[in-house]
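Mapping the sequence shown onto the numbering used here, position 99 (from 1) lands on 88, and the numbers just tick up by one. Quick reminder that beta carbons are idealized off the backbone N, C-alpha and C, glycines included. Note that the structure is a prediction, hence the values are computed from the model and not measured.
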Amino acid sequence: MGVDPSRRALLKGRLEYSSALRPPWTRDEPEFLANCSQCGDCLQACETSIIVRDVAGFPQVDFQRGECTFCRACVDACEENIFRDPEREPPWRHVADIGPACLGPQGVYCRSCGESCEAGAIRFSFNAQRVPEPSVDTEACNGCGACVSVCPARAVVVGPLGPSHSARLQSTRLQEPS
Ligand code: SF4
Ligand code: SF4
Ligand code: SF4
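Structure follows, in structure tokens:
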């Protein structure tokens, strides 16, 4: 028996939303989508107002609005089986990544992302011939997103750890003074 067209469209749409950054401690995307009632309580509870609705009405994090303080208010507000245990697990495994739009490689001095990072996870290259260029220490980054909205070039994104992170950090470490 074939899949009902409306059901297929719904599933397709849900798959397309799977790259959205959900609130901290949320379960895997399929479980999240199956259990979230879209009540909006987590949006109201968020102390930095970074949780918004995606196009389908599910909550997602928008770091252009601010940072996550890991206050757990969204976890406490939710009455559904959405969140993992904050006492036992990290909020997520996302880290910041700096893309090619960064002003540093273009010869423009900027350290805004580094100045916003309380974890000290953003390193800058040292080279007398060039302006400093940032990279993210993924071991130190907690994915709070504080570095995202402050970037004048919109070069910073937060998402799953990927190979580009370690490659860029390694490149920076090679340029740092011993
Ligand atoms: S409080 Fe829970 S059920 Fe309500 S929108 Fe947020 S995650 Fe979904
Ligand atoms: S704030 Fe943006 S432009 Fe400035 S150094 Fe950081 S990534 Fe580059
Ligand atoms: S996401 Fe937070 S911890 Fe990670 S580099 Fe940006 S400000 Fe630092």
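Start and end residues, beta strand (DSSP E) containing residue i
| i | result |
| --- | --- |
| Ala85 | His83 to Ile87 |
| Val41 | Ile40 to Arg42 |
| Val64 | That residue, Val64, is in no beta strand (DSSP E); its alpha helix (DSSP H) goes Ala62 to Ala66. |
| Arg113 | One detail in the question is off: residue 113 reads as Phe in this sequence, not Arg. Segment Ile111 to Phe113, the beta strand (DSSP E) holding Phe113. |
| Val125 | Pro123 to Val125 |
| Gln49 | Pro48 to Val50 |
For residue i, three-class secondary structure by DSSP
| i | result |
| --- | --- |
| Ser26 | coil |
| Pro141 | coil |
| Pro94 | helix |
| Ala103 | Going by the sequence as given, residue 103 is Gly instead of Ala. Looking at Gly103 - three-state DSSP - the assignment turns out to be helix. |
| Phe21 | helix |
| Ala(-2) | The pLDDT assigned to Ala(-2) is 47, lower than 50, so where the model puts this residue is not dependable, and the model offers no usable value. |
| Pro166 | A caution first: Pro166 carries a pLDDT of 36, below 50, which makes its placement in the model too unreliable to give a value. |
| Val146 | strand |
| Gln53 | helix |
Those residues which DSSP pairs with residue i across a bridge
| i | result |
| --- | --- |
| Gln33 | Looking at the DSSP assignment, Gln33 forms no beta bridge with any residue, so it has no partner. |
| Thr15 | Phe72 |
Within 6 Å of ligand 1: residues by beta-carbon to any heavy atom: Cys25, Ser26, Gln27, Cys28, Gly29, Asp30, Cys31, Pro48, Ala66, Cys67, Glu69 and Ile71
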